[in-house]
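Residue numbers (the working numbering), protein chains in the order written: chain P, 1 to 227; chain L, 1001 to 1227. Presented below is the structure to which this report refers.
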DNA sequence: CAAGTGTTTTAGTCATATCTAAATTATTAT
DNA sequence: ATAATAATTTAGATATGACTAAAACACTTG
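Structural data, given as structure tokens:
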């Protein structure tokens, strides 16, 4: 006899934000540390400790004193649900309401906590169930599985001679996004790598050569030109 | 020298909900009472007292002990801003995302607190700056002035022989909305009053006669058929 | 106009989520 | 291996917004 549906979440905005940042930090590291979380969330480390203890009691994270936290299965589901909300919202704001790609993040950041499952479903349908948001970031499907993009690679990993198409611009920073946009470095743009130096990449973009510092090239994902 | 922009509000969801209910209650009465607010908001009277004291300190309401509250100018502006958000959202959810008119209220109730001014403006533009929401309720314009609908009258006030068009269905109750919809009593429908009894109105709607209890007729606003 | 009834306010608690300062644990370097 | 440094946790406080119980006020009725 099921007394409570554990899949149904009643989480506060703060709790969801913690889960989201734990998700991002544990994409690279095995555990998310207290200090790192405090930095990302803009709160004091002591606040993080208290909150992750609570999230641990709720079964959303696995927490080891002085070590760090990782998401549990239910915590991961909550984080992915939130990520789906965020990226669908970004796409919808861009496509339906004409938001610039530098404007979508801030609005989605707030609304992601408050839209219903109905809203999520209707946005997805309106958009034709997109698999990427305006920056090219993948959108988990309604079962919270990521779409497969097996050809996606980091521009920085490629050698001279590579030709392909930008599929993803990995930053949320408005100034940086505007810079990418200014340079034409947006999803769909085609480029080839002309030369690689220690701290930059010379690329050809729409017939024009550009010198692309590693700091920027690092944030671009590409696919080999197919067809 | 202006230190703070008092027009820019940083109100909590709870505070906004109080202002909204004070607004609705003072549409009919000169002051909103503690008990009435408690009922509308689903909280204890003691909680209302504390909150309206705080809103009074913030200059959003005029509060007299044991008498009740009314909105100040800035409180009214905040309430109307919220009402604009709510009704634009209802219209947008209906028009853009295909929400039924019985579904829009609940979603708008939450989102109204969290959308930006940008979102408000883009919705309004997308919709062509509508002056009514899906139920026919008027939407304050961007200066928070209500659109003029001088011909709008209550169906209940009309005599036998009246012919006109429904412009507004004044309820948020889902079951009641579905009933109105079932009967074809929606904004735009034309009807005429055939007969008036003590507790009901016989009306003709799309060639079909209906017996409309006062409890329902009370909630309909109409305009005389122009053109 | 005084008494009783019902509404409103005050007082004291609780839960959430934050903070600072102090104490504790872990890591790094000598 | 120990001492210094850095990260983490605990303890105690604050703000918001809710609660219950008790006190204060206002209205209505005899």
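Glycine included, C-beta positions come from ideal geometry on N, C-alpha and C. What you are looking at is a predicted structure, and each value in this text was computed from that prediction instead of being measured.
Open item on the list: I need the boundaries of the alpha helix (DSSP H) containing residue 16 of chain P, first residue and last residue.
Closed with: Numbered from 1 along the first chain, position 16 holds the residue referred to as residue 16 of chain P. For residue 16 of chain P, the uninterrupted alpha helix (DSSP H) segment begins and ends at 13-28.
TODO: Name the residue from L/1143, L/1222 and L/1108 whose alpha carbon lies nearest to the alpha carbon of residue 1170 of chain L.
DONE: Here the question's residue 1170 of chain L lines up with position 170 in the second chain. The shortest C-alpha separation from residue 1170 of chain L is found at L/1222.
Task: Separation of residue 1085 of chain L from residue 1120 of chain L, as counted between CA atoms - done: Taking the second chain and counting its residues from 1, the one referred to as residue 1120 of chain L is at position 120. Taking the second chain and counting its residues from 1, the one referred to as residue 1085 of chain L is at position 85. Each residue's alpha carbon lies about 6 Å from the other.
Task: Nearest-angstrom Cα separation, counted from residue 1035 of chain L out to residue 1076 of chain L - done: Sequence index remark: in the second chain, residue 1076 of chain L carries index 76 (1-based). Sequence index remark: in the second chain, residue 1035 of chain L carries index 35 (1-based). Approximately 21 Å, taken between the alpha carbons.
Open item on the list: What does the Cβ neighbour count give for residue 1220 of chain L, buried or exposed, with the cut at 16 atoms within 10 Å?
Closed with: Walking along the second chain from the start, residue 1220 of chain L turns up at place 220. Classification for residue 1220 of chain L: buried.
Open item on the list: Would residue 1110 of chain L pass as an interface residue toward chain P - the criterion being a Cβ-Cβ separation below 7 Å?
Closed with: The residue you call residue 1110 of chain L lines up with position 110 of the second chain. The beta carbon of residue 1110 of chain L sits closer than 7 Å to some beta carbon of chain P.
TODO: Check distances from the C-beta atoms of the segment 1031-1045 of chain L to those of chain P and list, in chain order, the residues that come in under 7 Å.
DONE: none
TODO: Specify, as a first and last residue, the run of the alpha helix (DSSP H) that residue 1117 of chain L falls within.
DONE: For the purposes of this step, residue 1117 of chain L is identified with residue 117 of the second chain, where counting begins at 1. For residue 1117 of chain L, the enclosing alpha helix (DSSP H) stretches over residues 1117-1127.
Task: Three-state secondary structure assigned by DSSP to residue 144 of chain P - done: If you number the first chain from 1, residue 144 of chain P lands on position 144. In the structure shown, residue 144 of chain P sits in coil (DSSP, three-state: anything other than H, G, I, E or B).
- [ ] Indicate whether at least one CB of chain L lies closer than 7 Å to the CB of residue 18 of chain P.
- [x] As a position in the first chain, residue 18 of chain P is number 18, starting the count at 1. No Cβ of chain L is located within less than 7 Å of the beta carbon of residue 18 of chain P.
Task: Presumed contact (8 Å Cβ cut-off) between residue 1138 of chain L and residue 1147 of chain L, rounded CB distance - done: Walking along the second chain from the start, residue 1138 of chain L turns up at place 138. Walking along the second chain from the start, residue 1147 of chain L turns up at place 147. 5 Å between Cβ atoms; contact.
- [ ] Taking only the alpha-carbon atoms, compute the straight-line gap between residue 5 of chain P and residue 1206 of chain L and give it to the nearest angstrom.
- [x] Within the first chain, the letter at position 5 stands for residue 5 of chain P. Within the second chain, the letter at position 206 stands for residue 1206 of chain L. Unreliable placement is indicated for residue 5 of chain P, whose pLDDT of 49 sits below 50; no coordinate value is reported for it.
Open item on the list: Classify residue 115 of chain P: buried if its beta carbon has 16 or more other beta carbons within 10 angstroms, exposed otherwise.
Closed with: For the purposes of this step, residue 115 of chain P is identified with residue 115 of the first chain, where counting begins at 1. Answer is buried; the Cβ neighbour count reaches 16.
TODO: Express the C-alpha separation of residue 124 of chain P and residue 212 of chain P in angstroms, rounding to a whole number.
DONE: Residue mapping note: residue 212 of chain P aligns to position 212 of the first chain, counting from 1. Residue mapping note: residue 124 of chain P aligns to position 124 of the first chain, counting from 1. So the alpha carbons of these two residues sit roughly 35 Å apart.
Open item on the list: So residue 1118 of chain L contacts chain P; which residues on that side make the cut at Cβ distance below 8 Å?
Closed with: Within the second chain, residue 1118 of chain L is the residue found at index 118, counting from 1. What residue 1118 of chain L touches in chain P: 99, 103 and 107.
Open item on the list: I'd like to know whether the C-beta atoms of residue 1102 of chain L and residue 1041 of chain L end up nearer to each other than 7 Å.
Closed with: For this step, residue 1102 of chain L is matched to residue 102 along the second chain. For this step, residue 1041 of chain L is matched to residue 41 along the second chain. Cβ atoms of residue 1102 of chain L and residue 1041 of chain L: not closer than 7 Å.
Task: Below-7 Å beta-carbon distance, residue 1122 of chain L vs any chain P residue - done: Position 122 of the second chain, counting from 1, holds the residue named residue 1122 of chain L. Closer than 7 Å to some Cβ of chain P, the Cβ of residue 1122 of chain L qualifies, so yes.
Open item on the list: Looking only at its chain, what residues have a beta carbon closer than 7 Å to the beta carbon of residue 2 of chain P, apart from the 5 residues adjacent to it on each side?
Closed with: Along the first chain, read from residue 1 onward, the residue named residue 2 of chain P stands at position 2. Here the model assigns residue 2 of chain P a pLDDT of 45, short of 50, so the residue's position is not dependable and the matter cannot be decided.
Open item on the list: Taking 7 Å as the threshold (beta carbon to beta carbon), is residue 114 of chain P in contact with chain L?
Closed with: Locating residue 114 of chain P in the first chain gives position 114, counting from the first residue. Closer than 7 Å: yes.
TODO: Could you check the C-alpha separation between residue 64 of chain P and residue 12 of chain P for me, to the nearest Å?
DONE: The residue given as residue 64 of chain P occupies position 64 in the first chain. The residue given as residue 12 of chain P occupies position 12 in the first chain. Cα-Cα distance, rounded: 23 Å.
Open item on the list: Could you check whether the segment 1044-1061 of chain L touches the segment 1020-1034 of chain L, counting it as contact only if at least three pairs of C-beta atoms, one from each stretch, sit closer than 8 Å?
Closed with: yes
Task: Extent of the continuous beta strand (DSSP E) run through residue 187 of chain P - done: Residue mapping note: residue 187 of chain P aligns to position 187 of the first chain, counting from 1. Here residue 187 of chain P belongs to no beta strand (DSSP E), and DSSP marks it neither H nor E.
Open item on the list: Between which two residues does the beta strand (DSSP E) holding residue 1081 of chain L run?
Closed with: Taking the first residue of the second chain as position 1, residue 1081 of chain L is located at position 81. That residue, residue 1081 of chain L, is in no beta strand (DSSP E); its alpha helix (DSSP H) goes 1073-1097.
Task: Beta-ladder partner(s) of residue 1172 of chain L, from DSSP - done: Indexing the second chain from 1 puts residue 1172 of chain L at position 172. Residue 1172 of chain L pairs with nothing; no bridge assigned.
Open item on the list: Just to confirm, is the Cβ distance from residue 131 of chain P to residue 163 of chain P under 7 Å?
Closed with: Stepping through the first chain from its first residue, residue 131 of chain P is reached at position 131. Stepping through the first chain from its first residue, residue 163 of chain P is reached at position 163. Taking 7 Å as the Cβ cut-off, residue 131 of chain P and residue 163 of chain P do not qualify as a contacting pair.
Open item on the list: With H, G and I counted as helix, E and B as strand and the rest as coil, what does DSSP make of residue 36 of chain P?
Closed with: Numbered from its first residue, the first chain carries residue 36 of chain P at position 36. Helix.
Open item on the list: Suppose contacts are defined by Cβ-Cβ distances below 7 Å. Is residue 140 of chain P in contact with residue 80 of chain P by that definition?
Closed with: Within the first chain, numbered from 1, the residue matching residue 140 of chain P stands at position 140. Within the first chain, numbered from 1, the residue matching residue 80 of chain P stands at position 80. Contact flag set, yes.
- [ ] Using a cut-off of 8 Å between C-beta atoms, extract the partners of residue 96 of chain P located in chain L.
- [x] If you number the first chain from 1, residue 96 of chain P lands on position 96. Correct list: 1096 and 1126.
Task: Top-ranked residue by Cα proximity to residue 129 of chain P, from P/87, P/154, P/174 and P/107 - done: Stepping through the first chain from its first residue, residue 129 of chain P is reached at position 129. The candidate whose alpha carbon is nearest that of residue 129 of chain P is P/87.
Task: CA nearest to the CA of residue 159 of chain P, picked from P/179, P/202, P/168 and P/143 - done: Taking the first chain and counting its residues from 1, the one referred to as residue 159 of chain P is at position 159. Out of P/179, P/202, P/168 and P/143, P/202 has the C-alpha closest to the C-alpha of residue 159 of chain P.
- [ ] Using DSSP bridges, identify the partner residues of residue 1166 of chain L.
- [x] Stepping through the second chain from its first residue, residue 1166 of chain L is reached at position 166. Per DSSP, L/1222.
- [ ] Using three-state DSSP, classify residue 108 of chain P as helix, strand or coil.
- [x] The sequence position of residue 108 of chain P within the first chain is 108, counting from 1. The answer is helix: DSSP assigns residue 108 of chain P an H, G or I state.
Open item on the list: Excluding the 5 residues flanking residue 57 of chain P on each side, which residues of the same chain have their C-beta closer than 7 Å to its C-beta?
Closed with: The count along the first chain starts at 1 and reaches residue 57 of chain P at position 57. Once the five neighbours on either side are set aside, residue 57 of chain P has no close Cβ partner at all.
Task: 8 Å contact criterion, which residue 1016 of chain L and residue 1082 of chain L should meet: CB distance rounded - done: Stepping through the second chain from its first residue, residue 1016 of chain L is reached at position 16. Stepping through the second chain from its first residue, residue 1082 of chain L is reached at position 82. With a Cβ gap of about 5 Å, residue 1016 of chain L and residue 1082 of chain L count as contacting.
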